[in-house]
Structure formats: C-alpha cells, structure tokens
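Data block below; observations after.
Number of protein chains: 2
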Amino acid sequence: MPLSITPEADGISAVLISKGIPLTRQRRLVWEYYLHVGKAATIAEAAADLQPAGVSQATVYRAIAMFAELGLLHRVQVRSGEACYTAALLGHRHPLVCGECRRVVEFVGDDDLSELQRRLELETGFMIYGHHLEVYGLCPQCVEKRSTSRWSSVLR
Amino acid sequence: MPLSITPEADGISAVLISKGIPLTRQRRLVWEYYLHVGKAATIAEAAADLQPAGVSQATVYRAIAMFAELGLLHRVQVRSGEACYTAALLGHRHPLVCGECRRVVEFVGDDDLSELQRRLELETGFMIYGHHLEVYGLCPQCVEKRSTSRWSSVLR
DNA sequence: GCATAGGTTGAGAAGATTTCGCATGCATGT
DNA sequence: ACATGCATGCGAAATCTTCTCAACCTATGC
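Protein sequences appear in the order of chains V and P.
The opening residue of the first sequence carries number 599 in my numbering; numbering runs sequentially from there.
The opening residue of the second sequence carries number 599 in my numbering; numbering runs sequentially from there.
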C-alpha cells in the first residue's frame, strides 16, 4: 500500500487538523481501511488487516474510538450482535447493511430529515446534532443460504 | 415488583409463544426492565438492577442476545461507544437518544419509509427486513453541563 | 532544513466483559 | 407422578478492551 496521501485521506486530514488532531500514518491507514473495505468490519478484522502494515492493535482501538466520537465511523447492528463499524457517510447517504455477511451498500435518502429534526428540537428541547438511518436486509447471496439461526427475526 | 403478567409482558409473550420460546420469569423481567427504564441501558446496568430480583448475569446476557436477535431490543450508539440497548419500537416509532446521558425519548416518524424500502429492494436485490432510524442529540440537561470531551463531534 | 514541544505509538500486562460447561430446576405433555 | 427438554445459576475460561510508560512521530516555529 503506497503511503501517499490519497484524496480521501486528505479530506479527513482537513477535519482532524481543524481540530488540532495530528493525522498520523496509523490513523490514516485505519481510516482508509474502513473507507475501502466495503463492509461493516469489526475492530478485530481491522486490526488483523492492518497489523502487517505496522499498526498495533491498541492503536486500532484508539483510532476507531476517536473516529467514532468524531462521528466519522458509525457502529452498525448486525444479526450476530458483533460490534461492527462502517465509515459514516456525509450528506444524506446511508448504509444498507446485509445482516448476515455485513456487506454494506450505500444509498442516498430522497427525503430530507431536517424538517423532522427541527420538529423534534421544538417538541423535546434536545439539541440535535445528527441522525442515522440504517436499513437492514439480506443480500442476494445470503438470501440463498438462509441463516439456520435458532430464532428468526420478528421483523417481517 | 409484582410477578403478575403486565400487559406489556403479555404482548411479548405472544411473540415468544408464537415461536415456541418459553417466556420465563427471568426473560419477562429483563424485557420489563428495558421497557420501563427510559434510557439506553448497558448490559451491566440491567444485570445490576435485576440481580436483586434473582436474575443472574449470564441469564441477562442470554436474554438480551435473544431479544436482540428477535429484533425486540436494539443496540444504539452513544458517544462513549458503550454497548447500550433500548426496546425496539414497533410501528414507526424511533428513539431520540441523548448522546451524553443516554436518555431515550420516542418519537413517531411522520414519513413512511416503505416507499424507500421498495425502491432499495429493486435497486439492490436485497431482501429488506427492517430499518432503524436513530436521532442523536443532547437533552436539555446535558446541553448545560456540556461534555468536556476531548474531541467534539464533526456532525453539526 | 532542523529543533522543539506535545501528542501518539507499541508491547505486554492488567482489567473488563462475555461466553461456556455442567449440575440443578422448572414447565409441559403423557 | 414421571420423563423430557430447555432455561438457569455458578464459577471458570476465553475474549475483548484499556492502561502504562519509554520511545517515536507530527506539526510548528525558527
């Protein structure tokens, strides 16, 4: 993997620098991992894939915690209940997650939720800073070899 | 806490029985805990509160895993990254979570997402079984004593 | 370009969390 | 009442996550 700054990493660089947080080689690698992996990946998976590139497990934990707190990574729910993260999609893009194999496909929500957001701020007094819409399904491959899970979901 | 079957527990009873899963005293207590606690609670919190009622930690883990797989409990994201669960809201109700103290307020989404769901099934070939919309904010109390968190969120 | 200050990293230990195994217990059906 | 099949509880085991601290980078200023 070349060490040049990719455009994507450059984008995140601006975010971190604007907050006075150094963009280190390790953090960039963790970010690029989630940007390109194309699925909701666990911390263990990220750590395993990044170890050869010289990123320690502890650093992966720290970077993911930081990105998550910044809102750049988002934890998503999968059937098994494992802690999986996926790169947060700015704009009105949302993840469609396969609950089985965790493949993630992005989609653009047609509807603007800012209206809802305004309504909620008035009704509840909360200061709303974001929302997250996840859609769950089974990808074509996983529909085939359907889970032999003991309990099948109540939801449809 | 009386051991009579509450209406809420009765509701879940129907769900479990329809799947041949016994509704035990412990499972009912775990469910009622999440129904009434009014916030996104960690497993440790549930276990601590239920221990006096005679529910072991291991059972709390098992019950939560089962409810989550059934779609009756949903894991939500809070700032700190802890694993928190909240009772899934059937219909078009969604949680508004305080990212700081984890208080949960429910709201009814005006917009029906079934249209979006249909569109996605066509476009992606996924078999969609559900969605989850979480809105994050800070509740009035937490806006005051604003977090001294090291990094503040990128999101608005 | 080079030094500096301050935050970051790596390795392994320490600390939490989560799961397991097995004996016991409860409920259902005969 | 008896047998059967899960569920439960306890404690241990396995796993995951955080911490400690010296050495090392990164961004910045000279």
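Idealized CB from N, CA, C, for every residue including glycine.
On a predicted model such as this, the values are computed, not experimentally measured, just so you know.
Terminal residues of the beta strand (DSSP E) in which A685 of chain V lies: To locate residue 685 of chain V, count along the first sequence from 1; it is residue 87. Looking at the DSSP string, the run of the beta strand (DSSP E) that includes A685 of chain V is 682-685.
Should H729 of chain P and V733 of chain V be called a contact, given that it needs their Cβ atoms to be closer than 8 Å? Locating residue 729 of chain P in the second sequence gives position 131, counting from the first residue. Locating residue 733 of chain V in the first sequence gives position 135, counting from the first residue. Against a cut-off of 8 Å, the Cβ pair of V733 of chain V and H729 of chain P comes out as a contact.
Exposed unless 16 or more other CB atoms sit within 10 angstroms - verdict on G618 of chain V: Here residue 618 of chain V refers to the residue found at position 20 of the first sequence. Exposed, by the Cβ-count rule.
What span of residues does the alpha helix (DSSP H) with V741 of chain V cover, start to end? The count along the first sequence starts at 1 and reaches residue 741 of chain V at position 143. Run containing V741 of chain V: 738-742, per the alpha helix (DSSP H) assignment.
Pairing CB atoms from the stretch 677-686 of chain P with CB atoms from the stretch 624-641 of chain P, are three or more of them under 8 Å? yes
Could you tell me which chain P residues have their CB closer than 7 Å to the CB of T640 of chain V, listed as they occur along the chain? Stepping through the first sequence from its first residue, residue 640 of chain V is reached at position 42. Under a criterion of Cβ atoms nearer than 7 Å, no residue of chain P is adjacent to T640 of chain V; the nearest Cβ is some 13 Å distant.
Return the residue from the list V:F724, V:C696, V:S654 that minimises the CA-CA distance to G735 of chain V. Your numbering for residue 735 of chain V matches position 137 in the first sequence. Checking every option, the nearest Cα to that of G735 of chain V belongs to V:C696.
Per DSSP, the bridge partner or partners of L671 of chain P: In the second sequence, counting from the first residue as 1, residue 671 of chain P sits at position 73. L671 of chain P pairs with P:A685.
Tell me, to the nearest whole angstrom, how far the beta carbon of Y632 of chain P is from that of L671 of chain P; I am working on the premise that it is less than 8 Å. Indexing the second sequence from 1 puts residue 632 of chain P at position 34. Indexing the second sequence from 1 puts residue 671 of chain P at position 73. 6 Å between Cβ atoms; contact.
What residues in the stretch 704-726 of chain V have a beta carbon less than 9 Å from any beta carbon of chain P? F705, G707, D708, D709, L711, E713, L714, Q715, R717, L718, E719, E721, T722, G723, F724, M725, I726
Distance cutoff 8 Å, beta carbons only. Does C682 of chain P sit that close to anything in chain V? On the second sequence, position 84 is the one that residue 682 of chain P refers to. With 8 Å as the cut-off, C682 of chain P does not count as an interface residue toward chain V.
Is C737 of chain P close to chain V, meaning its C-beta is less than 8 Å from at least one C-beta of that chain? Sequence index remark: in the second sequence, residue 737 of chain P carries index 139 (1-based). Closer than 8 Å to some Cβ of chain V, the Cβ of C737 of chain P qualifies, so yes.
Three-state class that DSSP yields for L731 of chain P in the structure shown: Indexing the second sequence from 1 puts residue 731 of chain P at position 133. Here L731 of chain P sits in strand by DSSP.
Thinking C-alpha only, which one of P:Y727, P:F724, P:E680 is nearest C699 of chain P? Against the second sequence, residue 699 of chain P aligns to sequence position 101. If we check each option's Cα against that of C699 of chain P, P:E680 comes out closest.
Enumerate in chain order the residues of its own chain whose CB-to-CB distance from D647 of chain P is below 7 Å, with the five nearest sequence positions on each side excluded. Translated into the one-based positions of the second sequence, residue 647 of chain P becomes position 49. Excluding residues within five positions, the ones whose Cβ falls inside 7 Å are Y631.
Check whether the Cβ atoms of R623 of chain P and A661 of chain P sit closer than 8 Å, and answer yes or no. In the second sequence, counting from the first residue as 1, residue 623 of chain P sits at position 25. In the second sequence, counting from the first residue as 1, residue 661 of chain P sits at position 63. Cβ atoms of R623 of chain P and A661 of chain P: not closer than 8 Å.
I'd like to know whether the C-beta of C699 of chain V is nearer than 8 Å to at least one C-beta of chain P. To locate residue 699 of chain V, count along the first sequence from 1; it is residue 101. Not closer than 8 Å to any Cβ of chain P, the Cβ of C699 of chain V fails to qualify, so no.
Please compile the residues from chain P whose C-beta is within a distance smaller than 7 Å of the C-beta of A663 of chain V. As a working mapping, residue 663 of chain V is identified with position 65 in the first sequence. Neighbours of A663 of chain V on chain P, chain order: G679.
Can you find a C-beta in chain P that's less than 8 Å from the C-beta of H634 of chain V? In the first sequence, the residue the question calls residue 634 of chain V occupies position 36. Closer than 8 Å: no.
Confirm, please, whether the CB-CB distance from V706 of chain V to R691 of chain V is below 8 Å. By 1-based counting over the first sequence, the position of residue 691 of chain V is 93. By 1-based counting over the first sequence, the position of residue 706 of chain V is 108. Yes, they are a contact pair.
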